[in-house]
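Heads up: the sequence lines are chains A, B, C and D, in that order. Using the working numbering, the first residue of the first sequence is number 1, and each one after it goes up by one. Using the working numbering, the first residue of the second sequence is number 1001, and each one after it goes up by one. Using the working numbering, the first residue of the third sequence is number 2001, and each one after it goes up by one. Using the working numbering, the first residue of the fourth sequence is number 3001, and each one after it goes up by one. All C-beta atoms, glycine included, are put in the ideal place defined by N, C-alpha and C. Only a predicted model underlies this, so the values are computations on that prediction, with no experimental measurement involved. Here the structure comes first, spelled out in structure tokens, and everything after it is commentary.
4 protein chains.
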Amino acid sequence: MNFLSDTTAPAHPAILDALGRANEGFAPSYGADPVSARVKAQLCELFETDLDVVFTTSGTASNALALSVLCPPDAMVLCHDEAHIHRDERGAPEFFTKGGKLLPLHGDHAKISPDSLADALKQWPNDFVHATPPAVLSLSQLNESGCAYSLDELDALIRPAKAHELHIHMDGARFSNALATLGCSPAEMTWKAGVDILSLGATKNGAMASEAVLLFPDMQDRLPRLLANQKRAGLMLPKMRYVSAQMGAWLEDELWLDLARKANAAAKRLSDGLAALEGAELVHPTHGNEVFIRLEDSLAARLRDAGAGFYSWPDGSARFVASWCTTEADISAVLEAAR
Amino acid sequence: MNFLSDTTAPAHPAILDALGRANEGFAPSYGADPVSARVKAQLCELFETDLDVVFTTSGTASNALALSVLCPPDAMVLCHDEAHIHRDERGAPEFFTKGGKLLPLHGDHAKISPDSLADALKQWPNDFVHATPPAVLSLSQLNESGCAYSLDELDALIRPAKAHELHIHMDGARFSNALATLGCSPAEMTWKAGVDILSLGATKNGAMASEAVLLFPDMQDRLPRLLANQKRAGLMLPKMRYVSAQMGAWLEDELWLDLARKANAAAKRLSDGLAALEGAELVHPTHGNEVFIRLEDSLAARLRDAGAGFYSWPDGSARFVASWCTTEADISAVLEAAR
Amino acid sequence: MNFLSDTTAPAHPAILDALGRANEGFAPSYGADPVSARVKAQLCELFETDLDVVFTTSGTASNALALSVLCPPDAMVLCHDEAHIHRDERGAPEFFTKGGKLLPLHGDHAKISPDSLADALKQWPNDFVHATPPAVLSLSQLNESGCAYSLDELDALIRPAKAHELHIHMDGARFSNALATLGCSPAEMTWKAGVDILSLGATKNGAMASEAVLLFPDMQDRLPRLLANQKRAGLMLPKMRYVSAQMGAWLEDELWLDLARKANAAAKRLSDGLAALEGAELVHPTHGNEVFIRLEDSLAARLRDAGAGFYSWPDGSARFVASWCTTEADISAVLEAAR
Amino acid sequence: MNFLSDTTAPAHPAILDALGRANEGFAPSYGADPVSARVKAQLCELFETDLDVVFTTSGTASNALALSVLCPPDAMVLCHDEAHIHRDERGAPEFFTKGGKLLPLHGDHAKISPDSLADALKQWPNDFVHATPPAVLSLSQLNESGCAYSLDELDALIRPAKAHELHIHMDGARFSNALATLGCSPAEMTWKAGVDILSLGATKNGAMASEAVLLFPDMQDRLPRLLANQKRAGLMLPKMRYVSAQMGAWLEDELWLDLARKANAAAKRLSDGLAALEGAELVHPTHGNEVFIRLEDSLAARLRDAGAGFYSWPDGSARFVASWCTTEADISAVLEAAR
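Here's what the structure looks like:
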């Protein structure tokens, strides 16, 4: 009954198998191997477009690399006040942009509100030498409160941002969970919606360590700079095939969506079950694999006593994260303990 | 007959097995897992001292992180002109130190000569506000010409550097190869010789992606800063157990030394065999798993025609790198083709 | 009738005289000259303490240098959302701290409210490797809305900040204007209140280009790093005597206070006169030499037609800045035009 | 008899007069004033081309700003091992380029030899992701050994550098001294020779603090970035008219050349006089206002006893710097003491 984080879960067996298959004979270093080329082709097909990809081993690395080619050192990234890049990456974006700013915006459920964006765009001009110009809008999908932006909500932010010549970054550490919820295509949730660069994460949903930065067509001319930054940050692994192989297996035969659906369903069942109880109140809607719920002390204690692992969130709620390997029995046990 | 680089080789089966064993159930994230703790204990035992360790997935990451806690932004790292940190890391040390300088020193066979070091220490004062002060001496062991510093040679550099209050970094991307050659203990080649921080690499000698930064006792107070920098650089993997598990298996039962001895022996046989031929001349002594040899064009062509993969080095020589999986048959085939 | 900014005003004649006096014969470079030493002694006497000083030629330089020795690259400065360091320095603090963050706090009249500070200190821990720790509280005195913190208000912010081990920076670009208003001593408004480093500005109040960073006793061990950063930023002028000489003249015989009192009085008369009119409403109290007032369009137009220069502020108000050379006649003319 | 440095000299009276004239009434801030516009026009005329200019108050600032728009963070500046940017600016170029490298080249008399340049261009490719690409060639004119490159010597370096797509920076801290020696036009020594950006210094030759970064036509599109970097570095002075006014006076009626000729002539007389003595040997030819000469200990002592101020240079020689205010009597007194 470990709901601490999806990063505490083990890897799916298919990932390990893929490592075994990749471990045959010699292969070119630093990403020039055939496995990586194959996974790039998979991504092009799944996202229905030409694209470039750089594989990494952490979501923070992906986000920071993406921002490093989108935000000049004297410019600014707009993001939600709760954004992982703002709160949980120890300043990685500031480091990789070499001094860029992050401007925290606001809105319920960790979704940037169009008003907050409009206000920032009005207050921060992009042609005044004294003021830091906004250069990027970064959106988390699934976001830090476990919510997904609808396609309309994405449009209501991306359209005005693009009108001010901002680029759009999507932090997709839990991209597959959002995709499973929205039921749209990967293309619809990204480049067709105006996203320029996507951080795509497999680690939280079944991989050991496999993430990717996807450059959609308008950004492909930034690949050389991205590669230089990847090398310069120690993120260009000598034997890259073992990173891309994980992602290949994860994308194959819809495994990524199957695992996301499973985790989402577990979270939904947990969310519904807990929210129905006295002394429990959902803080955010449950769109993916995370449940944020305010629990009376006695209820929280009862759950912990029963062996349920979850975090006390800074806002006073409890966060439960379901993963690809959360079982029906786990959920039942928690709900039973709760009643 | 692939001698392009030890990073083109696959991983040893024991590494894959270790990943399987580590992939059981839930585990704390970001390096707080029991696997990582166990490997730290292994390292303490092998290096005969208390130490702190941060696991990474590339040698460039290890070097850059190590230098990030040794060299202030307005100071300088002394290294050989051929050093990997100077030539092959796209400025990672400059990035991680946030603007530190690297001063190239000289000496045969990629070994810094004591005279070159003395000259630099004389020319660059450490108390003049206009000049960048030397803060670190970085030594590669095995070095970029495939040579190992003897313990006496290390002492002849480390002693004067320490007298000028420099810290000592060792780039041990091929540490096990040097260790196998010198036949000394890990402790003798590092902290007993005055090394403050070691970049220890397993990737080139049998792992998929497993490297470590070792802080010897005098440096342990720098761990918090090192961890912050690791996080900030996107190098703190969520599921770190899979990185440390590789190193654990590699260190177990002397596997690291066995593989290094095997690669070194293969390189030595190749080196001796080629050097005995007309039209071939060794450029550097073969202390580890790398052979640098000048080949007449016809000889080089013959080898390539026979399917031998090797790089033309900038100095005009050919570089052959043996790895843990280079076979006797590979060497025989090359030598046969050469004759 | 130029009220655009105090930086559009010329220098006071005493400043030019001081330059003439400093221009005698040879003098050591880079701040080691006797003029600079004498001005340092003046500052020690006026601030009633030992201190170290570095002279600069812009307020942005002073602020950025101060923060460069207070905020590590992976840490954070807390400041008001309207702070000059956040809004008007094109990311200078981020550049000089090499990637530090600025967290915007809130409160009326550009004064940080104790609640906003408390909230930030609660939300941002200083011992969690994933989160950027707060390291500095920066306060502008006079602030960006032309208001002065009272000594009690300073205490209500500095005390909790220090309890969380933050250092305190004061942006004193208009320090003399605040001092004239509060009527306290320089010491009471700075180190006695807990301020660690002060950016002291003379440029806006009569100098050509003369600013200083003052390190109060607890910070004096940071002088070598501050000097290195000053040199490294191109801010260590070869002939520093001409910068310090300006400040010396400015501090002599209470000239700084006389000029501040004059500018403040002009602003107060303008503020009172305008606020008494139909169609005008003060936005902030007038504590120093700046007036922020909302003007009906017809009134604003009338003033501009009469030749009054002032800026339309982003919040919709009009900003009038009085300077040391604003005359009674200027004020009368504006008020006459307004009526 | 102060020959320590041209930065120890006072300012020429014309400079002080110009400050007085500039100190009339209100003027727009941050360089938008009419004085600055007028000086820009002077520069265009003197350099016979359209150009953009940013005024600064130190040579280090000019060099660092220039390099900040020429060298990306992951690229490299080629310069002489003795270059001021490498030896004497505490890593300012590394700071402003955000981690760029400086590669020291070699050649007699602080002039880069064409062979050394060719070797570097061969060793450091500009299209290999692992290696830092050369982006800029920086040349000091007058250089750090007091020597001027002839126009042919400039061409022999600039031509191959441009063929490798490098940009050319000229450090002209003593530009006027070199110009006076070569007797060519400012245009011939800069953009007609292929120089992209010039750091032009007046401070060492009669100003208080006045330097400029000149962007020649091909670089004018980099002005917005240069201005942003200037602001961000605290180098955009609020009352810029006082900096540009100095340069205006300095350029007027050939004052810059008159002063340079005077200083050069003084140095030449000193150089010839000393070199004719027993126990004295010129180390470098005297092309400008600096004399580097090896003196027997007794001779050096005799000079010091007579009150001559000069520096002992790291290479064992004595450095004498003449300035615009060095008198015939000073030189005579030194030579008399020497005999």
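From the options, residue whose alpha carbon lies closest to that of residue i
i                  : options                                       : result
Pro2133 of chain C : B:Ala1228, B:Glu1211 and B:Phe1128            : B:Ala1228
Ala3014 of chain D : D:Leu3251, D:Leu3215, D:Gly3107 and D:Leu3103 : D:Leu3251
Ala1066 of chain B : B:Arg1087, B:Asp1171 and B:Gly1091            : B:Asp1171
Leu2004 of chain C : C:Ala2318, C:Asp2305 and C:Glu2281            : C:Ala2318
Arg3021 of chain D : D:Ala3306, D:Asn3289 and D:Gly3248            : D:Gly3248
Ala1329 of chain B : B:Ser1140, B:Lys1204 and B:Ala1266            : B:Ala1266
Asp3253 of chain D : D:Lys3040, D:Leu3046 and D:Gly3194            : D:Leu3046
Leu2299 of chain C : C:His2287, C:Ala2275 and C:Thr2327            : C:Ala2275
Cys246 of chain A  : A:Asn2, A:Thr8, A:Asn23 and A:Phe175          : The question names Cys, yet the displayed sequence has Gln at residue 246 of chain A. It is A:Asn23.
Glu1281 of chain B : B:Arg1304, B:Phe1292 and B:Gly1288            : B:Phe1292
Met3001 of chain D : D:Gly3307, D:Leu3151 and D:Ser3244            : D:Gly3307
Gly2059 of chain C : C:Ala2148, C:Asn2205, C:Val2321 and C:Trp2313 : C:Asn2205
Leu2259 of chain C : C:Ser2185, C:Trp2324, C:His2109 and C:Asn2143 : C:Trp2324
Leu2959 of chain D : D:Thr3181, D:Asp3127, D:Glu3144 and D:Ala3163 : Given a span of 3001 to 3339 for chain D in the structure shown, any question on residue 2959 of chain D remains unanswerable.
Minimum Cβ-Cβ distance from residue i to chain C less than 8 Å
i                 : result
Pro134 of chain A : no
Partner residues on chain A for residue i, Cβ-Cβ distance less than 7 Å
i                  : result
Val3129 of chain D : Leu227, Ala228 and Lys231
Beta-bridge partners of residue i, as assigned by DSSP
i                  : result
Glu349 of chain A  : Within the shown structure, residues of chain A are numbered from 1 to 339, placing residue 349 of chain A beyond reach of any answer.
Ser2062 of chain C : For Ser2062 of chain C, which the question treats as bridged, DSSP gives no partner whatsoever.
Gly1020 of chain B : Gly1020 of chain B is not bridged to any residue.
Lys2040 of chain C : Answer is none; Lys2040 of chain C lacks a bridge partner.
Beta-carbon neighbours of residue i, restricted to chain A and to distances below 9 Å
i                  : result
Asp3074 of chain D : Arg225, Ala228, Asn229, Lys231 and Arg232
Short CB-CB distance (under 8 Å) between residue i and chain A
i                  : result
Lys3162 of chain D : no
Thr1007 of chain B : yes
Residues that residue i contacts on chain D, provided the C-beta gap is smaller than 9 Å
i                  : result
Lys98 of chain A   : Pro3073, Lys3098 and Gly3099
Phe1310 of chain B : Ordered by position in chain D, no residue passes the 9 Å Cβ test against Phe1310 of chain B, which lies about 18 Å from the chain.
Proximal chain B residues relative to residue i, where beta-carbon distance stays under 9 Å
i                  : result
Gln3123 of chain D : Arg1087 and Pro1314
Phe3095 of chain D : Pro1073, Asp1074, Lys1098 and Gly1099
Contacts that residue i makes with chain C (C-beta to C-beta distance below 8 Å)
i                  : result
Gly3020 of chain D : Leu2016
Glu3278 of chain D : In chain order: nothing, as chain C lies at least about 30 Å away.
Contact with chain D by residue i, beta-carbon distance below 8 Å
i                  : result
Gly1201 of chain B : no
Pro2028 of chain C : yes
Contact set between residue i and chain A, taken where Cβ atoms lie within less than 8 Å
i                  : result
Leu2102 of chain C : Lys101
Met1208 of chain B : Leu19, Asn23, Lys239 and Tyr242
Neighbour list for residue i in chain D, Cβ cutoff strictly below 7 Å
i                  : result
Arg1174 of chain B : Chain D residues near Arg1174 of chain B: none, gap ~17 Å exceeds 7 Å.
Neighbour list for residue i in chain B, Cβ cutoff strictly below 7 Å
i                : result
Asn23 of chain A : Pro1010, Ala1011 and Leu1016
Neighbour list for residue i in chain C, Cβ cutoff strictly below 9 Å
i                  : result
Leu3235 of chain D : Thr2057, Ser2058, Thr2060, Ala2061, Ala2233, Gly2234 and Leu2235
Contact list for residue i against chain B, beta-carbon separation under 8 Å
i                  : result
Arg3261 of chain D : What Arg3261 of chain D touches in chain B: nothing, since even the nearest Cβ is about 29 Å away.
Arg3090 of chain D : Asp1074, Val1129, His1130, Ala1131 and Thr1132
Interface flag, residue i vs chain B, CB-CB below 8 Å
i                 : result
Lys239 of chain A : yes
Asn2 of chain A   : yes
What are the residues of the stretch 41-64 of chain A that lie near chain B, defined by any Cβ-Cβ distance shorter than 9 Å? Flagged, chain order: Thr56, Thr57, Ser58, Gly59, Thr60, Ala61, Ser62, Asn63 and Ala64.
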